[in-house]
Amino acid sequence: MEPMFFVMAILGCGDGNGQCTDARIVPTHYTTMAQCRAALPTQLAANTDVPFPVIGADCRRNGVEMAQAVGKPRNRG
71 MEPMFFVMAI
81 LGCGDGNGQC
91 TDARIVPTHY
101 TTMAQCRAAL
111 PTQLAANTDV
121 PFPVIGADCR
131 RNGVEMAQAV
141 GKPRNRG
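If you're matching positions, the sequence shown starts at 71 in the working numbering and goes up one per residue.
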């Protein structure tokens, strides 16, 4: 099972930041959301070739996320 990590999506947007769509996913994996957010300015500067009038970026969770049961299971019978 692969661990949880964060990726950065480069977004292409119309004028006025309307209707943004994913243009690409940066291949770097970040271990925390804070690391991903710290890299936003650098990655935006490195991805200015996206053919949209406005570009943006978004950090997202990726990988497997497990739910943890808390307390006793209820008897449904």
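All residues carry an ideal CB built from backbone N, CA and C; glycine is no exception.
Residue span of the alpha helix (DSSP H) that contains residue i, given as start and end
i	result
alanine 216	Summary: the structure shown does not reach residue 216, with the chain confined to residues 71 through 147, and so no result is reported for it.
Cα-Cα separation between residue i and residue j, rounded to whole angstroms
i	j	result
leucine 110	methionine 74	19 Å
glycine 84	threonine 98	26 Å
arginine 130	isoleucine 80	11 Å
Given residue i as reference, the closest of the options once Cα atoms are compared
i	options	result
tyrosine 100	Gly126, Ala127, Cys90 and Met78	Met78
phenylalanine 76	Gly126, Ala115, Ile95 and Pro123	Ile95
alanine 67	Asp128, Thr102, Gly82 and Met103	Missing from the structure shown is residue 67; the chain here goes from 71 to 147 and no further.
alanine 108	Pro123, Cys90 and Asp128	Asp128
Delimiting residues of the beta strand (DSSP E) encompassing residue i
i	result
threonine 91	91-95
For residue i, three-class secondary structure by DSSP
i	result
aspartate 119	coil
glycine 84	coil
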